[in-house]
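K.L.:
Here our numbering = 1-based position in the sequence shown + 5. The structure is given below, and queries will be raised subsequently.
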Amino acid sequence: MNKRNDFICIGAVHSDYELKLKQNYFKNRTNPINQNENLGGVAFNIAKTLSFLKEGTKLYSLNCNKNQKKEIRKNGIKFITLNKKFTKRYYAYILDKKGKMLLGLANMDNYEKIINSNVSIKVNNKNIILDLSLSNELIQKIIKKNFKNNYICVCGTSAHKIFKIKKLLNKIDLIIMNKQEAFSLTNKKTINECMNFLVSKYKKLNFIITNGKNAVNAYFNNTNYISYPPRIKIKNENGAGDALSAVFNYFYCNHYDNLESLNKSICGGALKVSDHNYSKEKYLQKIDNISRSIKYKIINKYV
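Right, dumping it as structure tokens:
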């Protein structure tokens with residue numbers, strides 16, 4: 006699908022603050038850090054990657070300041086605001102000296118305050134990727150208006166927000182979530198239990214459950230997959246899930262095979278944590294080369 010504006014990303018865009026420890030840290034004491042500020046948010050991160058891959062991309066979110074809008078346009082993304090007034094929101098995350106995430110801190114209350122939008126989102130024949138930062142009311146309106154005539158992928162976003170789609174799983178084509186989000190969604194304690202529960206209750210729902218560097222479990226059209234991420238040097242763990250979501254949808258919505266799309270998306274996540282800096286052609290070539298070495302299993306049932 007190569008027409009402009011085929012992808013519509015809906016959800017968060019805000020400032021991200023990276024706080025990386027310079028050395029081993031002491032609890033309950035002052036520790037030196039390096040700090041970086043970037044534009045982030047799940048929906049923006051996914052839109053940024055899709056636009057980088059030359060896919061036509063729109064981003065719907067709360068109003069931003071001038072510098073943030075400039076950054077969005079710079080990345081080739083068409084931005085549509087859901088409200089008029091600019092309100093602050095941000096995400097801060099702490100990394101250890103090797104780049105492993107220790108803690109994420111989300112100041113997202115202003116997303117929840119927008120129940121009714123100035124813009125009615127109703128489209129046809131588009132690929133909608135939705136994070137769960139917006140209010141429960143607004144998310145329900147968007148999905149109910151669009152599920153019949155569009156492909157809808159939901160990104161789990163947070164174990165504290167996953168409840169927003171518990172009653173909408175029969176209206177979603179795909180959900181991508183991490184292990185903790187899956188536990189919160191299903192009230193189960195293991196990935197296998199989550200898989201069995203979702204497969205038994207929602208026959209048409211496809212889903213991906215990530216588990217860090219250990220494995221990625223997925224279910225597509227009555228087939229269960231387990232793929233194992235490549236070993237790679239971690240520089241910054243933040244945003245790996247967003248990169249995986251963007252790359253999966255890029256290939257899947259361009260009619261690649263389910264398993265191939267999954268394995269390529271795992272490579273996208275791996276390249277993100279390694280802090281890659283490639284052209285589109287080099288990036289896709291790197292993904293193609295790494296994905297061929299990914300080990301995977303196709304199994305009949307989780308036990």
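In this text, a Cβ means the ideal position worked out from N, Cα and C, and glycines have one as well. Fair warning: this is a prediction, and the values are worked out from it, not measured in the lab.
Output yes or no for whether 8 angstroms exceeds the beta carbon distance between ASP101 and LEU107.
P.N.:
Taking 8 angstroms as the Cβ cut-off, ASP101 and LEU107 qualify as a contacting pair.
K.L.:
Count Cβ pairs between the region 224 to 238 and the region 110 to 124 that sit closer than 8 angstroms; are there 3 or more?
P.N.:
The region 224 to 238 vs the region 110 to 124: no contact.
K.L.:
Please name the residue or residues paired with SER20 in a DSSP beta bridge.
P.N.:
For SER20, which the question treats as bridged, DSSP gives the partners LEU44 and TYR95.
K.L.:
Would you report the Cα separation of ASN68 and ARG34, rounded to the nearest angstrom?
P.N.:
Distance between the alpha carbons of ASN68 and ARG34 is about 38 angstroms.
K.L.:
Beta-carbon separation of ILE148 and LYS176 under 8 angstroms?
P.N.:
Yes; because the gap between Cβ atoms is below 8 angstroms, this pair is in contact.
K.L.:
Here's the rule: buried if 16 or more other CB atoms are within 10 angstroms of the residue's CB, otherwise exposed. What is ILE304?
P.N.:
With fewer than 16 other Cβ atoms within 10 Å, it is exposed.
K.L.:
Using a 10 Å radius around the Cβ and a threshold of 16 neighbouring Cβ atoms, would you call SER205 buried or exposed?
P.N.:
So SER205 ends up on the exposed side.
K.L.:
Going by DSSP in three states, SER298 sits in which element: helix, strand or coil?
P.N.:
In this structure, SER298 counts as coil in the three-state DSSP scheme.
K.L.:
Taking the DSSP output, what are the residues bridged to VAL221?
P.N.:
Per DSSP, THR215 and SER232.
K.L.:
Can you give the Cα-Cα distance for ASN123 and SER298, rounded to whole angstroms?
P.N.:
If I take the Cα positions, the gap works out to 48 angstroms.
K.L.:
On the three-pair Cβ rule with 8 angstroms, is the region 276 to 289 touching the region 127 to 147?
P.N.:
As far as the Cβ criterion goes, the region 276 to 289 does not touch the region 127 to 147, which means the pair count is below three.
K.L.:
Which ranges would you report for the beta strand (DSSP E) in the region 58 to 124 if only whole runs of at least 3 residues count?
P.N.:
Runs of the beta strand (DSSP E) inside the region 58 to 124: 62 to 66, 83 to 86, 95 to 100 and 106 to 112.
K.L.:
Do you know how far the Cα of LEU203 is from the Cα of ASN219?
P.N.:
Each residue's alpha carbon lies about 21 angstroms from the other.
K.L.:
Would you grab the beta carbon distance between SER296 and ASN268 for me? Rounded to a whole angstrom, and I think it's under 8 angstroms.
P.N.:
Indeed, because the Cβ distance is near 4 angstroms, the residues count as touching under 8 angstroms.
K.L.:
Does the region 240 to 260 come close enough to the region 44 to 61 that 3 or more CB-CB pairs lie under 8 angstroms?
P.N.:
Output reads yes: the region 240 to 260 touches the region 44 to 61.
K.L.:
Among LEU26, ILE167 and ASN130, which one has its Cα closest to the Cα of SER189?
P.N.:
Closest by alpha carbon: ILE167.
K.L.:
Looking at the secondary structure, which residues open and close the beta strand (DSSP E) in which CYS14 lies?
P.N.:
Unbroken beta strand (DSSP E) run through CYS14: 12 to 15.
K.L.:
Looking at the secondary structure, which residues open and close the beta strand (DSSP E) in which ASN159 lies?
P.N.:
Strictly speaking, residue 159 in this sequence is Val, with Asn absent from that position. First-last of the beta strand (DSSP E) with VAL159: 156 to 160.
K.L.:
Which residue wins for smallest C-alpha separation from GLY45, given the options GLY16, ASN183 and VAL221?
P.N.:
Nearest of GLY16, ASN183 and VAL221 to GLY45, Cα basis: GLY16.
K.L.:
Taking the alpha-carbon of ASN72 as reference, which of SER20, ASN154 and LEU58 has the nearest alpha-carbon?
P.N.:
Checked all of SER20, ASN154 and LEU58; the closest Cα to ASN72 is SER20.
K.L.:
Report the CB separation of GLU186 from GLY161 in whole angstroms; it is logged as a contact under 8 angstroms.
P.N.:
At roughly 4 angstroms, the Cβ-Cβ gap stays under 8 angstroms, so GLU186 and GLY161 are in contact.
K.L.:
For a test of the three-state rule: what should DSSP assign to LYS149, helix, strand or coil?
P.N.:
Residue state, collapsed to three classes: helix.
K.L.:
Under a Cβ-count criterion, where at least 16 other Cβ atoms within 10 Å of its own Cβ denotes burial, should THR195 be classed as buried or exposed?
P.N.:
Exposed, by the Cβ-count rule.
K.L.:
Roughly how many whole angstroms lie between the Cα atoms of ILE38 and VAL18?
P.N.:
Each residue's alpha carbon lies about 25 angstroms from the other.
K.L.:
Measure the C-alpha to C-alpha separation of LYS287 and ILE120 and round it to an integer number of angstroms.
P.N.:
Roughly 42 angstroms separates the two Cα atoms.
K.L.:
Where do the N-terminal and C-terminal ends of the alpha helix (DSSP H) with LEU267 fall, by residue?
P.N.:
Looking at the DSSP string, the run of the alpha helix (DSSP H) that includes LEU267 is 263 to 278.
K.L.:
Name the residue from GLU76, TYR156, TYR65 and PHE31 whose alpha carbon lies nearest to the alpha carbon of HIS260.
P.N.:
Of the listed residues, the one whose Cα sits closest to HIS260 is TYR156.
K.L.:
Under the rule that 16 or more other beta-carbon atoms within 10 Å means buried, what is LYS79, buried or exposed?
P.N.:
With fewer than 16 Cβ atoms within 10 Å of its Cβ, LYS79 is classed as exposed.
K.L.:
Check LYS206 in the structure and name its three-state DSSP category.
P.N.:
Helix.
K.L.:
Quick check: what's the CA-CA separation for CYS158 versus LYS32?
P.N.:
Spanning the two alpha carbons is a distance of roughly 39 angstroms.
K.L.:
Do ILE213 and ILE133 have their CB atoms nearer than 8 angstroms?
P.N.:
No, they are not a contact pair.
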